[in-house]
Structure formats: structure tokens, C-alpha cells
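Working notes, structure below.
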Amino acid sequence: SQNIYILGIESSCDDTAASVMHNGRILSNVVANQKIHEEYGGVVPELASRAHQQNIVPVVAQALKKANITKDQLHAIAFTRGPGLMGSLLVGTSFAKSLAYGLHIPLIDVNHMQGHILAHFIDEEGFNKPPFPFLAMTISGGHTQIVRVDNYFDMTVIGETIDDAVGEAFDKSGKILGLGYPAGPEIDKRAKLGNPKAFKFTKPRVDGLNFSFSGLKTAILYFIQNETKANPNFIEENLNDICASIQYTIIGILIDKLKLAVKQTGIKHIAIGGGVSANSGIRQALKDGEQKFGWTTYVPKFEFTTDNAAMIAIVGYLKYLEGDFAEQNVAASARLKI
Ligand code: KG4
Ligand code: ZN
3 SQNIYILGIE SSCDDTAASV MHNGRILSNV VANQKIHEEY GGVVPELASR
53 AHQQNIVPVV AQALKKANIT KDQLHAIAFT RGPGLMGSLL VGTSFAKSLA
103 YGLHIPLIDV NHMQGHILAH FIDEEGFNKP PFPFLAMTIS GGHTQIVRVD
153 NYFDMTVIGE TIDDAVGEAF DKSGKILGLG YPAGPEIDKR AKLGNPKAFK
203 FTKPRVDGLN FSFSGLKTAI LYFIQNETKA NPNFIEENLN DICASIQYTI
253 IGILIDKLKL AVKQTGIKHI AIGGGVSANS GIRQALKDGE QKFGWTTYVP
303 KFEFTTDNAA MIAIVGYLKY LEGDFAEQNV AASARLKI
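The opening residue of the sequence shown carries number 3 in full-length UniProt numbering; numbering runs sequentially from there.
Printed below as a string of C-alpha cells:
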């Protein structure tokens, strides 16, 4: 039987990550978060690439150490080719190429969005893998997509955001409210203590399965400006209710589109990925949908939903089995499509 070790490397945004996979199981999953962006209230691309440059060697070394193997035992190097920030992608891409070249082993290019989706195929006790075909909804600070997945490498994007990602809707709303970055987790926490129907924000009207979140952010901004004119303490006095109402609106948008996607495709298996899938309200709404709409939902372990290299390693492993390798002249691609 086979005994395959794959190193996955992820550097598309602000997390430098490396993971070692043995067959379908994860032996290590190391992520270096970049705290520097908190001061700026968002990811600063130039700073992100510099931090990757500093982090990449120690992160890879730690992933190998935690997996208790040496680099000579690796069968292939998988790396994120795109989409993402070009300066960030170049660090991981160049490093992966050099390592594969030096070790005389195959190089495997991975699409980050496929990684988020195929993270569901990491062997993990207590987690069921979705059966084909299924719908994948990837929701994070950088992405909002609904993808029809017919097989590992047979995927079709059937809906995506035309402007901001859903995580940005959380983070930008949080900024208006004076919360820290990223604001998603705090909005989630406060939403539990507030009334979701206290304030009403109209949902954007976008045709079909596409999303739009920039209008919501503007609506919240005007609402807050208006209310604080009348009462300077409006935010402090109503923060939990405001958070609950914003979260309620966002969840409504996501669930409406999912319902439509299920109706259009007839597919009722729904797999969630991306950092926003940590949101407790979204998790509850998905669970409720199982009763109400007959869905089955799949949510992986949290460490596999945010940006990580385990998801890159699993794609690498699946491609390795097919002999689908990259050439040494492969280029990072900021706008790589599924
Ligand atoms: O996947 P991720 O770690 O990084 C990328 O953006 O790719 O996702 C980060 C996003 C941020 O926008 C953050 O505010 C949001 O996920 N987030 C949440 C929660 N936890 C993280 N949003 C809502 N509720 C949460 N509990
Ligand atoms: Zn991501």
C-alpha cells in the first residue's frame, strides 16, 4: 500500500501556513498569523508579503518537526498558486519551487478556492465527507462563493459576490461601530446578547445566486450617522442590538441564496468553508435548515475552515494520486479561477 507524504504551503493573504499530510490524514497544521494588520484595520499587501518572507522557513520547519519527518521523506510539495495577493503568493510559490527542485520531487499547484472546498476530504474522525454532487459555500474575509461540486476537480461557480466578501461586511460594519479588526468574532459574541429584530436593514437585491454586500455597509453607515446625530451615545446604548441586527441581516442574505441554489440544482448536501463559517448564528441557521428544508450540512473543524495549509495539502494529495503535477515555470496567479 502507498505511503505518501505531502507538504502543503499557503501564503495567499495574511497567514503563512504549512502542513504535512500522510495519505489523507494531517500530521501537522502550522499557521503564523500576521498581527501587524490589526493596527491598520485590514490587510496591507506590502506588509503581508514581507511577513511571509520572514515566516515561511520557520513555519515549514515547524510543520516538518511536528509531523516528525524530515524533508527527505516528502513525496511532493503543494502550494497555493492563487487567487490572492500577488506579493504574498510569490513568496509561497518561489519557496515551493525551490524546495521541490532541491529535493527532486514533484511540484503541485493548488487553487486556494478548491482548497477551501476539498478541505472536507481531509480524513478526520467524527466528520463525514459530503457525497457528490454537493454545494459548497465558501464565506470568508476574502471570498463569498457558492460552487456546485460534481467531483474533486469538476466544480462550477454558480454564485459569487459582485463586490465585498461577507467577512468584509462583518469587518467594515465593525469598523463603523468602533470595534477592533477583524470584527466578525466580536459581532458574533454581541449578537448572542442582542435582539436581531431591533433594527431593520434592507437586503440588497441581486439577481440569481450572486451576492452584494457593499450596499449593506453603506446602509449601516448612514443609519449610524443618523442615529448618533440624535443621540451621541446611540452606539454604546444599543451595541448588542445593532450587532444582532447586522448579523441577522447577513445570515438572511446567505440563507436566501442557499435556498435558491438548492432549488435550482436539486442538490441538498451543503458544505461550508471559510472563516465566517465560525459564526454561531450561521451554524444555527444551517442546522435549522436541515429540519426546515431537508438539507444535510457539513462544517469541517475550525482549523480547516480559515486559511490553512492542510487544505492545500489535501488538494496536493488528490492531485498526486492522479499524477497531476506542475512545471517549474508555473506562475502565481492573483485572479486564478476555479
Ligand atoms: O478564512 P479567514 O480566516 O481569512 C480569509 O479572509 O481568507 O476569514 C476571516 C474572516 C474575517 O472577515 C472575520 O471577521 C470573519 O472571517 N470571522 C467571523 C467570525 N470569525 C471570523 N465572522 C463572523 N462571525 C465569526 N464568528
Ligand atoms: Zn481563504
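Positions of the beta carbon are idealized from the N, C-alpha and C atoms, including for glycine.
Each of M139, L120 and G144 was checked against the Cα of C15, and the nearest Cα belongs to G144. Contact between F304 and T251 fails: their C-beta atoms lie close to 24 Å from each other, not under 8 Å. Under the 8 Å Cβ criterion, the stretch 68–77 does not count as touching the stretch 131–141, having fewer than three qualifying pairs. Under the three-state reduction of DSSP output, V151 falls in the strand class. By the neighbour-count definition (other C-beta atoms within 10 Å, threshold 16), K265 is an exposed residue. Here DSSP, grouped into helix, strand and coil, assigns E229 to helix. CA-to-CA, the gap between V46 and Q293 works out to about 42 Å. Counting only residues of its own chain and dropping the five nearest sequence neighbours on each side, M313 has a CB closer than 7 Å to the CB of G117, H118, L120, A121 and F306. Remark: three or more beta-carbon pairs, one from each stretch, lie closer than 8 Å, so the stretch 203–219 and the stretch 158–173 are flagged as touching. Residue pairing from DSSP places T299 in a beta bridge opposite I272. Between ligand 2 and the CB of S142, the shortest heavy atom gap is smaller than 6 Å. G277 has its Cβ nearer than 6 Å to a heavy atom of ligand 1. The three-state secondary structure of A20, taken from DSSP, is strand.
Collapsing the DSSP output to three states places S30 in a strand. Secondary structure of L76 (DSSP, three-state): coil.
Counting the other Cβ atoms within 10 Å of the Cβ of N281 gives 16 or more, which makes it buried. Classified as exposed, S100 has fewer than 16 neighbouring CB atoms from the shown chains inside 10 Å of its CB.
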